[in-house]
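So in UniProt numbering, spot 346 of the sequence shown is number 346, and the numbers just go up one at a time. The beta-carbon is built from N, C-alpha and C at its ideal position, and this holds for glycine as well. Working notes, structure below.
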Amino acid sequence: MRGKLLPLAGLYLVQGLPYGLQSGLLPLLLRARGFSLTRVGLAKALYAPWLLKLAWAPLVDARGSTRAWLTRSTAGLGLVCGVLAGLPPPGAGQAGLPAAVAGLLLLLNLGAAVQDVALDALAVQLLEPAELGPGNTVQVVAYKLGAALAGGALLALLPTLSWTRLFLLLAATYWLAAALAWAAPALRQLPRPPPSEQRPHTMHLMRDVLAVPGTLWTAGFVLTYKLGEQGASSLFPLLLLDHGISAPELGLWNGVGAMVCSIAGSSLALPRVPHPPTCIQSLGPWGQEPGALLTSALPGAALLSLCLQHFLGGLVTTATFTGMMRCSQLAPRALQATHYSLLATLELLGKLLLGALAGALVDGLGPHSCFSLLLILSALPLLNLGLAPSTLL
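Below you can see the structure in the form of structure tokens.
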């Protein structure tokens, strides 16, 4: 199993780099060069390709091997970074990103989204049912480490790294990962689906995907299981700031501390996670919302609750991704990339929904009513767990 998990760890670490780059490093880089907060916020539109993964997931299923798609998309990301290294950085006082830089960053997200589809499909095909727990622990932890490296470590090196050196370093990393994807022995042993399983992209594709046993239940669960947590995690640090906790202290706890706790939770997510729905149910609403209960507590307890929320959130995420992958393994081989991409897209939408609306909720309802609602939303998925199909247990 180690021969499978080591290359997956390296590839998932690289997959986390674009998220860390554009959620942590790029906003600070643009702000430091004088961009308005509105312009920095609009850069989030570059994430659009991640919501459109279903558009090309059927191509990954139908044309070529997942290893070939993974290798080419990863090498393409290195090429884009190499071109970005040759362009001048955004200048101070500009109204927005230069068109060439914005276009290449959009292309970087497109390549990263294709890489995401291919890598997830490869993991679904590669891992045996007994290996899903360790495999998804590696997936979540390595992705978070990659995001932390790009959004934190590179940020620390930014004073000594020029724009050119930054993207040359990323380009070299992607090309090494592409070589790993192509040469790793465990990945080269993946059998190609027989011609009888190859299917074109037809109007009935989505119907076939939804007909896979357990899909409708899993789709509903992944869409809702993070609603309460994401709403609280986006609001809680801001409310702590309003209650007198300093920005540097909050940055340490909500940045480094929360990431360490989240990775620790994912790492300790039951080595095998034999029954993901049961594992999630055992955590109860505390697995989603510890911080929401402490909005008026002492600062120290509130900060500890923030870390506890991220620890349990990491645990729940790993168990949920294991269930998603188990469900996708029930799909025909020629549908697995599309099937897992559907579940991953719904999981992302569920996380974005309350994160975007949380500010309006707290302004309209007040903190106590808002967090009470978020706590209820966190507990509702527990009712859904009782309806989990036997195929996922």
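Exercise for review: Report the rounded CA-to-CA distance for Leu5 versus His368, giving the unit in angstroms.
Suggested key: By one-based count along the sequence shown, residue 5 stands at place 5. By one-based count along the sequence shown, residue 368 stands at place 368. One C-alpha to the other measures close to 44 Å.
Review point. Residue range of the alpha helix (DSSP H) that Gly146 falls in?
Key: Taking the sequence shown and counting its residues from 1, the one referred to as residue 146 is at position 146. Counting along the chain, the alpha helix (DSSP H) containing Gly146 begins and ends at 132-148.
Exercise for review: Mark Ala319 as exposed unless 16 or more other C-beta atoms lie within 10 angstroms of its C-beta, in which case mark it buried.
Suggested key: Taking the sequence shown and counting its residues from 1, the one referred to as residue 319 is at position 319. So Ala319 counts as buried.
Review point. Cα separation between Arg272 and Ala358?
Key: Within the sequence shown, residue 272 is the residue found at index 272, counting from 1. Within the sequence shown, residue 358 is the residue found at index 358, counting from 1. Bear in mind that a pLDDT of 46 at Arg272, under 50, signals an unreliable position, so the number given afterwards is only what the model happens to contain. Their Cα atoms are separated by approximately 34 Å.
Check your understanding: What whole-angstrom Cβ distance do Met325 and Ala123 have, given they're in contact under 8 Å?
Key -> Against the sequence shown, residue 325 aligns to sequence position 325. Against the sequence shown, residue 123 aligns to sequence position 123. Taking 8 Å as the upper bound for CB-CB distance, Met325 and Ala123 are in contact here, some 7 Å apart.
Point to revise | Outcome for Ile376 when other beta-carbon atoms lying within 10 angstroms are tallied against a minimum of 16 | key: The residue labelled residue 376 in the question sits at position 376 within the sequence shown. Ile376 should be labelled exposed.
Point to revise | Beta-carbon proximity check, Leu342 vs Val140, cutoff 8 Å | key: As a working mapping, residue 342 is identified with position 342 in the sequence shown. As a working mapping, residue 140 is identified with position 140 in the sequence shown. The Cβ-Cβ distance between Leu342 and Val140 does not fall below 8 Å.
Check your understanding: So Arg188 is in the alpha helix (DSSP H); what residue range does that whole segment cover?
Key -> Indexing the sequence shown from 1 puts residue 188 at position 188. In the DSSP assignment, Arg188 falls within the alpha helix (DSSP H) that extends over 185-188.
Practice item. Tell me whether Asp363 is buried or exposed, calling it buried when 16 or more other Cβ atoms sit within 10 Å of its Cβ. Key: The count along the sequence shown starts at 1 and reaches residue 363 at position 363. Burial call: exposed.
Check your understanding: Just how far apart, CA to CA, sit Gly350 and Leu227?
Key -> Counting from 1 along the sequence shown, the entry for residue 350 is found at position 350. Counting from 1 along the sequence shown, the entry for residue 227 is found at position 227. Distance from the CA of Gly350 to the CA of Leu227, rounded to the nearest whole angstrom, comes to 6 Å.
Check your understanding: Under the rule that 16 or more other beta-carbon atoms within 10 Å means buried, what is Leu25, buried or exposed?
Key -> In the sequence shown, counting from the first residue as 1, residue 25 sits at position 25. Here Leu25 is buried. Its C-beta has 16 or more other C-beta atoms within 10 Å.
Exercise for review: Out of Leu169, Glu131, Gln230, state which residue places its alpha-carbon closest to the alpha-carbon of Gly323.
Suggested key: For the purposes of this step, residue 323 is taken as the residue at position 323 of the sequence shown. The candidate whose alpha carbon is nearest that of Gly323 is Glu131.
Point to revise | Straight-line Cα distance separating Ala211 from Gly20 | key: In the sequence shown, the residue the question calls residue 20 occupies position 20. In the sequence shown, the residue the question calls residue 211 occupies position 211. In this structure, the straight-line span from the alpha carbon of Gly20 to that of Ala211 is close to 35 Å.
Exercise for review: Would you decide whether Gly78 is buried or exposed? Buried here means 16 or more other CB atoms lie within 10 Å of its CB.
Suggested key: Within the sequence shown, residue 78 is the residue found at index 78, counting from 1. Gly78 is buried by the Cβ-count criterion.
Check your understanding: Between which two residues does the alpha helix (DSSP H) harbouring His368 extend?
Key -> The residue given as residue 368 occupies position 368 in the sequence shown. Here the alpha helix (DSSP H) through His368 covers 367-385.
Point to revise | Nonlocal neighbours in the same chain, by C-beta distance under 7 Å from Gly135, ignoring five residues either side | key: Translated into positions along the sequence shown, residue 135 becomes position 135. Taking C-beta separations shorter than 7 Å and ignoring five residues to either side along the sequence, the partners of Gly135 in its chain run Leu5, Leu8, Ala123, Leu127, following chain order.
Exercise for review: Identify which residue in Phe311, Tyr12, Gln309, Ala334 has its Cα closest to the Cα of Ala178.
Suggested key: Locating residue 178 in the sequence shown gives position 178, where the first residue counts as 1. Nearest of Phe311, Tyr12, Gln309, Ala334 to Ala178, Cα basis: Tyr12.
Check your understanding: In three-state terms, what does DSSP make of Thr391?
Key -> Sequence index remark: in the sequence shown, residue 391 carries index 391 (1-based). In the structure shown, Thr391 sits in a helix (DSSP, three-state: H, G or I).
Point to revise | Terminal residues of the alpha helix (DSSP H) in which Tyr19 lies | key: Mapped onto the sequence shown, residue 19 falls at position 19. First-last of the alpha helix (DSSP H) with Tyr19: 17-20.
Check your understanding: From what residue to what residue does the alpha helix (DSSP H) around Lys53 run?
Key -> In the sequence shown, the residue the question calls residue 53 occupies position 53. That run of the alpha helix (DSSP H) goes 53-62.
Practice item. Starting from the C-beta of Leu107, find all residues in its chain whose C-beta is less than 7 Å away, skip the five residues before and the five after it, and write them out in chain order. Key: Here residue 107 is taken as the residue at index 107 of the sequence shown, counted from 1. Apart from sequence neighbours up to five positions away, the residues of its chain that approach Leu107 with a beta-carbon distance below 7 Å are Val80, ordered along the chain.
Review point. Straight-line CA distance for Gly231 to Val222?
Key: For the purposes of this step, residue 231 is taken as the residue at position 231 of the sequence shown. For the purposes of this step, residue 222 is taken as the residue at position 222 of the sequence shown. C-alpha separation (whole angstroms): 15 Å.
Review point. For Gly265 versus Gly314, is the C-beta distance shorter than 8 Å?
Key: Counted from its first residue, the sequence shown places residue 265 at position 265. Counted from its first residue, the sequence shown places residue 314 at position 314. Taking 8 Å as the Cβ cut-off, Gly265 and Gly314 qualify as a contacting pair.
**Study point:** Same chain only: Cβ atoms within 6 Å of Leu346, ignoring 5 sequence neighbours per side
**Key:** One-based indexing of the sequence shown puts residue 346 at position 346. Within the same chain, Ala219, Val222, Leu223 come within 6 Å of Leu346 by CB-CB distance, once the 5 residues on both sides are set aside.
Review point. Cβ of Phe311 within 8 Å of Cβ of Cys261?
Key: Locating residue 311 in the sequence shown gives position 311, where the first residue counts as 1. Locating residue 261 in the sequence shown gives position 261, where the first residue counts as 1. Between Phe311 and Cys261, the C-beta spacing is below 8 Å.
Exercise for review: Return the CA-CA distance between Pro389 and Leu166, expressed in angstroms with no decimal places.
Suggested key: As a position in the sequence shown, residue 389 is number 389, starting the count at 1. As a position in the sequence shown, residue 166 is number 166, starting the count at 1. If I take the Cα positions, the gap works out to 48 Å.
Practice item. With a cut-off of 8 Å on the beta carbons, I'd call Gly257 and Leu145 a contact; round off their distance for me. Key: Taking the first residue of the sequence shown as position 1, residue 257 is located at position 257. Taking the first residue of the sequence shown as position 1, residue 145 is located at position 145. Wrong, their Cβ atoms sit about 15 Å apart, outside the cutoff.
Point to revise | Closest Cα partner of Tyr174 within the set Ala379, Ala150, Pro185, Leu161 | key: If you number the sequence shown from 1, residue 174 lands on position 174. Closest by alpha carbon: Ala150.
Check your understanding: Secondary structure at Lys226, three-state DSSP: helix, strand or coil?
Key -> Here residue 226 is taken as the residue at index 226 of the sequence shown, counted from 1. Three-state result, Lys226: coil.
Point to revise | Own chain residues within Cβ distance below 7 Å of Ala121, not counting five before or after | key: Taking the sequence shown and counting its residues from 1, the one referred to as residue 121 is at position 121. If the five residues before and after Ala121 are omitted, its C-beta is found closer than 7 Å to the C-beta atoms of Val60, Thr66, Gln336, Ala337, Tyr340, all from its own chain and listed in chain order.
Review point. CA-CA distance, Ala113 and Leu383?
Key: Here the question's residue 113 lines up with position 113 in the sequence shown. Here the question's residue 383 lines up with position 383 in the sequence shown. Straight-line Cα distance between these residues: approximately 32 Å.
Review point. What's the gap between the Cα of Leu170 and the Cα of Leu176?
Key: Within the sequence shown, the letter at position 170 stands for residue 170. Within the sequence shown, the letter at position 176 stands for residue 176. If you draw a straight line from the Cα of Leu170 to the Cα of Leu176, it is about 10 Å long.
Review point. What residues in its chain sit with their C-beta under 7 Å from that of Ala57, if we drop five residues either side in the sequence?
Key: Position 57 of the sequence shown, counted from the start, is the residue given in the question as residue 57. So the list reads Val117, Ala337, Thr338, Ser341, once near-sequence residues are dropped.
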